[in-house]
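Below: one structure, written as structure tokens.
Numbering (this note's numbering), first residue to last: 182 to 1027.
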């Protein structure tokens, strides 16, 4: 009897265990989307890809294909994977219409690969893809793609019962697509709020915006495919995005040890993401308080949604890991103690941010580094997602709106639009009358010029030229002029003068676009060519740099620095006017254009001119000035190819006499950044020297400072060129246009100079004065070689005709500058040279 009762209890316990496991399994099971369209376009049969089955677009009952004329293409051999083996081709506007059962965020994933087709070359096809609300792709073509196939992923909030994807071929072209996914996303994955940076403030309204996945990284871990992610996402390895590989070391734990919470589940990120991480490695630096940094090329003029995944898998005990998280130059989270946030180890945590700092930058950086106040030298990261946010035109590719791309709307919509337009027009007319009246009243009562609080500023420059312009303007009666004899102010331009000079800001005169606004070429009344820099009041970052540039230029005057003509601050405008620089930035003469190549002598003279400008910055003022953004787009050339250093928007006053450095957030352009400054946030004049060393290598090799499409060892020009320089084989990577045309001794001296500039530690780098001396030495070697009748002597110390004091070039106690012209020389009689600023031709610098 006892045995029977015991057996009964055992049975009940087993039943409870089985039921518990069943319930746990159900609760932990993969997310099952309500809407789950996996479409193989143009295929005649099902296609299995990454563990999922895609069905032909003609066999999906809840999908309608509207096409005037479509064709199919297939390739069984050349396609990179089965999903790309077929495609549907449209010769006219066509659309897929999906029935939506569950409103909310949906993945929209598009697959593109141009299979061979006898009737049309799909590689050159150009087309646009839109939904009812968002522009996904605008004039997309494989001509601009560097990959054999393209995968695009978007997160779109669907608020109606249908979602329509419309494909619009460009003029005389076709559109095509290989596969489409439209899949529901759990509501909790994308919240409506995040933390905006620069300035730091809550950001609401994400649910109304479209998102495009740009990067999704499994930091410190392997590739995770859609087959191993409950939401079908792909997580790539982070290694190629690390700024310094030696700064990070990989750590991992058993994925089963990850402790998910009620708010963070496998849908947030797979356990493989949280079970791997990068922590601080041995970077072989004296200061162990460096940052681990990931660098991402991004498209300027967009905001980016950044999600950082963190999990403390490196600590053995709690409260043993405290670090800081940075996004670009902004501290996103300070003093992060993961174990305090999660109350345990191996527990996931994530944080969402909106970065506003890519307005005029083509890179986005994310860094983690130790909190020096906590005295714990370690930091970690597990995963990272970067998504582009749709702009004001509700586009994730360009500035065109859906309405402009799809002008034909239902009649009801048109009627509503007409009514609204009439009402708005009437209100605008009344407002215009009021504004005109107020303007007339204000003009009558205005007796003195009222400007912005940071203007006017004392502006030094070509006083003869500016006095001439002021006199001309006085005669014409169109400007409020200030005599430079009695004051140090630049010319004040009336806004009407600016309009006349630029033909009312004619787009055909546009020279470039930056974070501050737009730059136009103009012609003054007396025929002087100018560049007009028009500030955009909505761009806080651009205006900050705008002010800095004015403040710096008001103190500086040198033949090899850009100078300012005048300004306009009328009608709430903030405009700077510079003389037009005829030959533009140095970079345009090195690569990327059809301009004739520079000779070796020209390149040396340009480098010498830029070095003189930088040397003046470092030594010529009462307190040194550090440029902080030395690069080939910030070295401009006048009509005689005289080099001038430009763009002082990021410049900083150097350290005082009793200091060794300036502590400041890292700013500048990746590829040119001093690695010591990047790790320690300690800025010195030697940071400019490092950047100038990169410029020297760029001048010699005629390639970008960073080129991600090259093999890994060649991506960074500084690292790549140094490997050849140390082997004494710099001639193997120099510009092919220079082969056989450069004196070996001159090239050797040039290479040694660049090598010293690119030293890992600032203390080992020469001053700009020493750099200038060596470049002039290299130029004299080049000039002398053409006059020598005997073979070149590589010792260079006994070449006839060279009258140089034999001193150690990098002895910091000696600085020889062009016949005694030290940094205090202002080149007074020679200052009337062309000047403009850096962001004219290539505004994507920072």
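All C-beta atoms, glycine included, are put in the ideal place defined by N, C-alpha and C. Quantities reported herein were computed from a predicted structural model and do not represent experimental measurements.
**OP:** Give the C-beta separation of residue 270 and residue 357 to the nearest angstrom, bearing in mind that I take them to be a contact with Cβ-Cβ under 8 angstroms.
**Re:** 5 angstroms
Original post:
Does DSSP put residue 918 in a helix, a strand or coil?
Top reply: helix
**OP:** Closer than 8 angstroms by C-beta to residue 690: which residues in its own chain qualify, once you throw out the five before and the five after it? Chain order, please.
**Re:** 683, 684, 701, 702 and 703
Subject >> residue 859 - DSSP class collapsed to helix/strand/coil >> reply: DSSP, read as helix, strand or coil, puts residue 859 in helix.
Original post:
At what residue ranges does the segment 874-953 contain a whole run of the alpha helix (DSSP H), taking only runs of 4 or more?
Top reply: 898-907 and 925-938
**OP:** Starting from the Cα of residue 713, find the closest Cα among 337, 758 and 750 and give me that residue.
**Re:** 758
Original post:
In terms of residues, what are the limits of the alpha helix (DSSP H) holding residue 585?
Top reply: Looking at the DSSP string, the run of the alpha helix (DSSP H) that includes residue 585 is 583-586.
Subject >> Nearest-angstrom Cα separation, counted from residue 902 out to residue 445 >> reply: 46 angstroms
Original post:
Candidates 282, 577 and 699: which alpha carbon is nearest residue 310's?
Top reply: 577
Original post:
If we call anything under 8 angstroms between Cβ atoms a contact, is residue 533 one with residue 379?
Top reply: no
Original post:
Does the segment 380-388 come close enough to the segment 290-306 that 3 or more CB-CB pairs lie under 8 angstroms?
Top reply: No: fewer than three Cβ pairs fall under 8 angstroms.
**OP:** Only counting runs of 3 or more residues, tell me where the beta strand (DSSP E) segments fall wholly within the segment 722-808, in order along the chain.
**Re:** For the segment 722-808, whole beta strand (DSSP E) runs of length 3 or above, ordered along the chain, are 747-749 and 756-760.
**OP:** Mind the definition here: the segment 732-741 touches the segment 826-834 only if three or more C-beta pairs lie below 8 angstroms; say whether that holds.
**Re:** yes
Original post:
By a C-beta neighbour count over all protein chains shown, 10 Å radius and 16 as the cutoff for buried, is residue 803 buried or exposed?
Top reply: Label assigned to residue 803: exposed.
Subject >> Whether residue 515 touches residue 453 by CB criterion (8 angstroms) >> reply: no
Subject >> the segment 393-401 contacting the segment 411-424, beta-carbon criterion three pairs below 8 angstroms >> reply: Contact between the segment 393-401 and the segment 411-424 is present, because at least three Cβ pairs lie under 8 angstroms.
Subject >> Span separating the alpha-carbon of residue 330 from that of residue 482 >> reply: Spanning the two alpha carbons is a distance of roughly 26 angstroms.
**OP:** Determine the extent of the beta strand (DSSP E) in which residue 251 is found, giving its start and end residues.
**Re:** 251-255
Original post:
Which term fits residue 678, buried or exposed, when burial requires 16 or more other beta carbons within 10 angstroms of its beta carbon?
Top reply: Looking at its Cβ environment, which holds 16 or more other Cβ atoms inside 10 Å, residue 678 is buried.
Original post:
What's the C-alpha gap between residue 705 and residue 761?
Top reply: 11 angstroms
Original post:
Can you round the beta-carbon distance between residue 362 and residue 218 to whole angstroms, since I take them to be within the 8 angstroms contact cut?
Top reply: That pair is a contact at about 7 angstroms.
**OP:** Go through its chain and collect everything with a Cβ distance to residue 875's Cβ below 6 angstroms, but skip five positions before and after it.
**Re:** 853, 886 and 899
Original post:
Are the beta-carbon atoms of residue 806 and residue 835 separated by less than 8 angstroms?
Top reply: yes
Original post:
If you draw a straight line from the C-alpha of residue 924 to the C-alpha of residue 782, how long is it?
Top reply: Whole-angstrom Cα-Cα distance: 10 angstroms.
**OP:** Mind listing, in chain order, the continuous beta strand (DSSP E) runs of no fewer than 3 residues lying wholly within the segment 404-444?
**Re:** If we require 3 residues or more, the beta strand (DSSP E) runs fully inside the segment 404-444 come out as 429-433.
Original post:
Less than 8 angstroms separating the beta-carbons of residue 1050 and residue 808?
Top reply: Absent from the model: residue 1050. The displayed extent of the chain is 182 to 1027, so no value can be given.
Original post:
Which of helix, strand or coil does DSSP assign to residue 573?
Top reply: coil
**OP:** Confirm, please, whether the CB-CB distance from residue 404 to residue 475 is below 8 angstroms.
**Re:** no
Subject >> Collapsed DSSP secondary structure at residue 702 in the structure displayed >> reply: strand
**OP:** Helix, strand or coil for residue 677, going by three-state DSSP, please let me know.
**Re:** In the three-state scheme derived from DSSP, where H, G and I count as helix and E and B as strand, residue 677 is classed as helix.
Subject >> residue 978 versus residue 932 - alpha carbon distance >> reply: No answer about residue 978 holds up, because its pLDDT of 35 lies below 50 and its placement is not dependable.
Original post:
Who are the near neighbours of residue 413 in its chain, counting only those whose CB is closer than 6 angstroms to its CB and skipping five residues on each side?
Top reply: 407
Original post:
Are the beta-carbon atoms of residue 672 and residue 787 separated by less than 8 angstroms?
Top reply: no
Original post:
Does DSSP put residue 682 in a helix, a strand or coil?
Top reply: Helix, per DSSP.
Original post:
For residue 942, does the count of other Cβ atoms within 10 angstroms reach 16, so buried, or fall short, so exposed?
Top reply: exposed
**OP:** Would you list the residues sitting across from residue 149 in a DSSP beta bridge?
**Re:** Any question about residue 149 goes unanswered here, given that the chain covers just 182 to 1027.
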